[in-house]
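In what follows, a structure is listed as structure tokens, so that the remarks can point back to it.
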Amino acid sequence: MKRFIILILVLLMFPLISNAEEIPPRGTLMTKETNPIYWSYFEDYAALLKKAFEAKKIRHRRGWGAAYDFTITNIGEIKDIEGSVFQNDYYDEAVKEIILSVKPKPFYKGMDAEDLLFTVYLGYQRYEEVDIQVGFSLINNRKIVGIDIDLNK
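Numbering (this note's numbering), first residue to last: 2 to 154.
What follows is the structure, given as structure tokens:
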């Protein structure tokens with residue numbers, strides 16, 4: 002009986018690992034300096050998208066743009082693509098075709114994620130810009146990578 006009581010006291014003194022797990026903070030920034038492997042993957046994927054967007058001749062007007070949300074798996078597969086910003090049926094379908102035509106690379110060595118959530122916007126403005134940002138999606142409760150590509154043609 003004495004050993005049983007000592008065993009119970011010892012177990013109570015040390016927290017169980019499953020109960021001591023902490024939720025990672027949402028507000029941590031992901032930048033080129035803090036996460037160079039991830040950021041180089043984002044830049045390489047954005048460059049591939051821009052090249053495909055420039056090569057495709059789409060009838061457009063300045064100010065047109067469309068965006069799609071999707072998941073890229075660690076083997077470079079696009080899953081669950083759905084529109085989030087719409088222009089018109091013709092332009093939306095052309096943007097979707099561009100995104101699906103660009104095969105993402107498998108995740109680089111050192112990227113320990115199973116998949117990443119992306120939102121990609123392709124549009125035409127008075128300026129040319131490629132913008133990459135990483136935020137947090139409350140709907141999906143995870144980080145989301147945003148790539149905005151604007152052409153001035």
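Cβ atoms here follow ideal geometry from the backbone N, Cα and C, with glycine treated the same way.
Terminal residues of the beta strand (DSSP E) in which residue i lies
i, result
"Val-146", "143–152"
"Phe-137", "130–138"
"Lys-1", "The requested residue 1 is not part of the displayed model; the chain covers only 2 to 154."
Alpha-carbon to alpha-carbon, residue j and residue i
i, j, result
"Asn-142", "Ile-6", "43 Å"
"Gly-136", "Arg-62", "29 Å"
"Pro-107", "Glu-78", "8 Å"
"Met-31", "Ala-56", "31 Å"
"Lys-110", "Gly-147", "22 Å"
"Pro-105", "Thr-35", "23 Å"
"Ala-68", "Gln-126", "15 Å"
"Trp-65", "Ile-150", "12 Å"
"Met-2", "Ile-145", "55 Å"
"Glu-22", "Leu-10", "Note that Glu-22 has pLDDT 27, beneath the 50 cutoff, so the model's placement of it is unreliable and no number is given."
"Asp-90", "Tyr-39", "33 Å"
"Ser-41", "Arg-4", "57 Å"
"Asp-116", "Val-103", "17 Å"
"Ala-114", "Lys-80", "15 Å"
Residue range of the unbroken alpha helix (DSSP H) whose run includes residue i
i, result
"Lys-52", "37–56"
"Ile-100", "90–102"
Residue i burial status per 10 Å Cβ neighbour count (16 or more: buried)
i, result
"Lys-51", "buried"
"Leu-8", "exposed"
"Phe-71", "buried"
"Phe-87", "exposed"
"Pro-37", "exposed"
"Leu-123", "buried"
"Ile-140", "exposed"
"Ile-76", "exposed"
"Leu-101", "exposed"
"Tyr-92", "buried"
Per DSSP, the bridge partner or partners of residue i
i, result
"Thr-74", "Asp-116"
"Tyr-69", "Gly-84 and Val-121"
Below 8 Å, how does it come out for the stretch 29–47 and the stretch 90–100: are there three or more Cβ pairs, yes or no?
Cβ pair count under 8 Å is below three, so no.
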